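Please read the structure below before turning to the comments.
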Amino acid sequence: MANSWIRSTVGDVSERVTKGTTPTTVGGHFAEGGINFIKVESIRDDGRFDKSKLAFIDDETNRLLARSVLREHDVLFTIAGTIGRVARVTNDMLPANTNQAVAIVRPSLDLVDPRFLYYTLRDEERVRQAHTRVVQSVQANFSLTELSAIEVLLPRMDEQRAVAAVLGDLDDKIEHNRRTAQALERLARAIFRAWFVDFEPVKAKAGGATSFPSMPQAVFEALPTRFVDSEIGPVPEGWVAKPLAGIATFLNGLALQKYPPRGDDNDLPVIKIAELRKGSTAGADWANGDVTEQYVIQDRDLLFSWSGTLEAEFWFGGKGALNQHLFKVTSSHFPSWFCLLWIRQHLPTFRQIASSKATTMGHIKREHLHEAKVVVPPAAVLQEAEAIIGPLFDLHAALQIESRKLSGMRDYLLPKLLSGEVRVTVQQEG
Numbered sequence: 068m069a070n071s072w073i074r075s076t077v078g079d080v081s082e083r084v085t086k087g088t089t090p091t092t093v094g095g096h097f098a099e100g101g102i103n104f105i106k107v108e109s110i111r112d113d114g115r116f117d118k119s120k121l122a123f124i125d126d127e128t129n130r131l132l133a134r135s136v137l138r139e140h141d142v143l144f145t146i147a148g149t150i151g152r153v154a155r156v157t158n159d160m161l162p163a164n165t166n167q168a169v170a171i172v173r174p175s176l177d178l179v180d181p182r183f184l185y186y187t188l189r190d191e192e193r194v195r196q197a198h199t200r201v202v203q204s205v206q207a208n209f210s211l212t213e214l215s216a217i218e219v220l221l222p223r224m225d226e227q228r229a230v231a232a233v234l235g236d237l238d239d240k241i242e243h244n245r246r247t248a249q250a251l252e253r254l255a256r257a258i259f260r261a262w263f264v265d266f267e268p269v270k271a272k273a274g275g276a277t278s279f280p281s282m283p284q285a286v287f288e289a290l291p292t293r294f295v296d297s298e299i300g301p302v303p304e305g306w307v308a309k310p311l312a313g314i315a316t317f318l319n320g321l322a323l324q325k326y327p328p329r330g331d332d333n334d335l336p337v338i339k340i341a342e343l344r345k346g347s348t349a350g351a352d353w354a355n356g357d358v359t360e361q362y363v364i365q366d367r368d369l370l371f372s373w374s375g376t377l378e379a380e381f382w383f384g385g386k387g388a389l390n391q392h393l394f395k396v397t398s399s400h401f402p403s404w405f406c407l408l409w410i411r412q413h414l415p416t417f418r419q420i421a422s423s424k425a426t427t428m429g430h431i432k433r434e435h436l437h438e439a440k441v442v443v444p445p446a447a448v449l450q451e452a453e454a455i456i457g458p459l460f461d462l463h464a465a466l467q468i469e470s471r472k473l474s475g476m477r478d479y480l481l482p483k484l485l486s487g488e489v490r491v492t493v494q495q496e497g
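For what it's worth, my numbering labels the leading residue of the sequence shown as 68, then goes sequentially.
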């Protein structure tokens, strides 16, 4: 620790450390809209809010929950269920309140910069210490007393702000990449659906149109103007309906507990459904390097979880080993994005099938991959689609991989900056 830094605690640098309340315990209720009500699932692992997972309360319920009305600069820390997610309350989230699984740390602004405190609570070592002190019960909990006792090392305020700015710039770039990647994927999905699901260019040509947005003119002119019957209904003449299983190979993963790690450089992180969902192997189990090459996952591999939470995603979390309950999807004849988007087209049906299973973990079977149908266009159309959609996914991949590297840089720097091992030069005024 730098000599001039002060050793303190979360409690000592905060006006208050409290937590929220469930509305129904005070006679309140949830609403369809109104005041944001933040739950554990509303806070992402990266410290941002997932606004699609907010609940809402009305003004009267918010008044009943006066103790946990949030203010700008409050730092939130999840203390039940998933412990250690952290978020900082900004004006765009207000008015807002929260429940008993989320602690509210209100910083004393004359002692600590809110963003510096936020990053202190995002320090992985502090989160690990939090986990080790938790008493395992029906639901793990982390007390406000334990949260208040977490150590905070305080440099001068200007250096606090400088440290937070360095880490914040990295996080802002990662978030910008995430949003850009999402936009690219939305655009790719829209083109895919228009061309291959709704057949909009063919319908437009049949209706007398002489061109179609997003489609090269030469391809449009080669399109048919009529539909023919198929097993899934009318499809453009010359296009073919095939089983989803007919366009790709679906390789199921291994029971990797049979490959215990040896603690050497050949060990691989195990990619399970949880890792696929978060896009990272942080905290994953490990397997030894004897795993056959076909079960080794690399960036840009297409993964499809066929049980539990059914998802299909490109993987960008680095090298790992494929666990059971996940398919690695490959094709020698079709672009990987074509396979991904057709799987996603059928995900609602697959999820419905899985949810109907009378088991603890719903799933689909290979027979469902044969029952699900896709439409394959002539090679020339698919080639032009690849020329348009392929680069979108290439850029999407580049952004995801860059973000992983930036996250690694941030996670490396964070504890060093917060301890003073690495110092930020602060420009002195005057």
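Cβ atoms here follow ideal geometry from the backbone N, Cα and C, with glycine treated the same way.
The structure displayed is predicted, hence computed values, not measured ones.
When the distance is taken between beta carbons, is residue j closer than 8 Å to residue i?
{"i": "L370", "j": "K395", "result": "yes"}
{"i": "A122", "j": "F104", "result": "yes"}
{"i": "N166", "j": "E139", "result": "no"}
{"i": "L484", "j": "V230", "result": "yes"}
{"i": "K106", "j": "I146", "result": "no"}
{"i": "A93", "j": "L131", "result": "Per the sequence shown, residue 93 should be read as Val rather than Ala. Yes, they are a contact pair."}
{"i": "L237", "j": "L473", "result": "yes"}
{"i": "P303", "j": "P291", "result": "yes"}
{"i": "T88", "j": "S135", "result": "yes"}
{"i": "S374", "j": "G305", "result": "no"}
{"i": "R115", "j": "E242", "result": "yes"}
{"i": "K120", "j": "E108", "result": "yes"}
When we look at the beta-carbon of residue i and count the other beta-carbons within 10 Å, is it buried (16 or more) or exposed?
{"i": "D141", "result": "buried"}
{"i": "V153", "result": "buried"}
{"i": "V441", "result": "buried"}
{"i": "V205", "result": "Bear in mind that the predicted position of V205 carries a pLDDT of just 47, short of 50, making it too unreliable to give a figure here."}
{"i": "Y326", "result": "buried"}
{"i": "T187", "result": "buried"}
{"i": "V295", "result": "exposed"}
{"i": "Q412", "result": "buried"}
{"i": "V246", "result": "Strictly speaking, residue 246 in this sequence is Arg, with Val absent from that position. Result: exposed."}
{"i": "N244", "result": "buried"}
{"i": "R253", "result": "exposed"}
{"i": "K424", "result": "exposed"}
{"i": "R189", "result": "buried"}
{"i": "D368", "result": "buried"}
Alpha carbons only, please: which of the options is nearest the one belonging to residue i?
{"i": "Q128", "options": "R152, D112, A163, T145", "result": "Checking the sequence, you will find Thr at residue 128 rather than Gln. That would be A163, whose Cα lies nearest to the Cα of T128."}
{"i": "G500", "options": "V264, T316, R329", "result": "Only positions 68 to 497 of the chain appear in this structure, which leaves residue 500 out of reach."}
{"i": "L176", "options": "E469, V307, I456, D225", "result": "D225"}
{"i": "A248", "options": "S422, E298, V491, P458", "result": "P458"}
{"i": "P336", "options": "L318, A285, Y362", "result": "Y362"}
{"i": "S398", "options": "K339, S470, T316, I468", "result": "T316"}
{"i": "Q494", "options": "P291, R223, H400", "result": "R223"}
{"i": "K345", "options": "L323, L407, F383, L221", "result": "F383"}
{"i": "R477", "options": "I150, E191, R74, A170", "result": "E191"}
{"i": "K386", "options": "W404, S403, I364, F405", "result": "I364"}
{"i": "L52", "options": "W353, F401, S423", "result": "With the chain covering only 68 through 497, there is no way to say anything about residue 52."}
{"i": "V286", "options": "V448, I456, T88", "result": "V448"}
{"i": "V169", "options": "I468, L321, V84", "result": "V84"}
{"i": "I73", "options": "S119, L178, I150", "result": "L178"}
{"i": "R193", "options": "R115, T212, G151", "result": "G151"}
{"i": "E360", "options": "L220, F381, N333", "result": "N333"}
Report the partner residues of residue i according to the DSSP bridge assignment.
{"i": "I456", "result": "Bridge partners of I456: none, in fact."}
{"i": "I102", "result": "I124"}
{"i": "L143", "result": "A154, I171"}
{"i": "V337", "result": "A388"}
{"i": "H413", "result": "DSSP lists no partner for H413."}
{"i": "S81", "result": "P174"}
{"i": "F401", "result": "Answer is none; F401 lacks a bridge partner."}
{"i": "F116", "result": "I110"}
{"i": "R130", "result": "Partner(s): none; R130 has no beta bridge."}
{"i": "S372", "result": "E378, L393"}
{"i": "T277", "result": "T277 pairs with nothing; no bridge assigned."}
{"i": "T165", "result": "I105"}
Give me, in chain order, the residues of the same chain whose beta-carbon lies closer than 6 Å to that of residue i; leave out the 5 immediate sequence neighbours on both sides.
{"i": "V500", "result": "Any answer about residue 500 is impossible in this case: the structure gives the chain only from 68 up to 497."}
{"i": "Q227", "result": "D180, F183"}
{"i": "M282", "result": "P268"}
{"i": "E342", "result": "T348, A351"}
{"i": "E82", "result": "R173, S175"}
{"i": "F259", "result": "L408"}
With a threshold of 8 Å on Cβ separation, who are the neighbours of residue i within its own chain once the five nearest residues in sequence on each side are excluded?
{"i": "P310", "result": "L436, H437, E438, A439, K440, V441"}
{"i": "R433", "result": "A312, F317"}
{"i": "V489", "result": "L480, K483"}
Who are the near neighbours of residue i in its chain, counting only those whose CB is closer than 7 Å to its CB and skipping five residues on each side?
{"i": "H96", "result": "P90, T128"}
{"i": "S372", "result": "I340, L343, E378, H392, L393"}
{"i": "R418", "result": "L377"}
{"i": "G100", "result": "F123"}
{"i": "L251", "result": "L459, L462, H463"}
{"i": "I420", "result": "I431, H435"}
{"i": "A322", "result": "Q391"}
{"i": "A232", "result": "none"}
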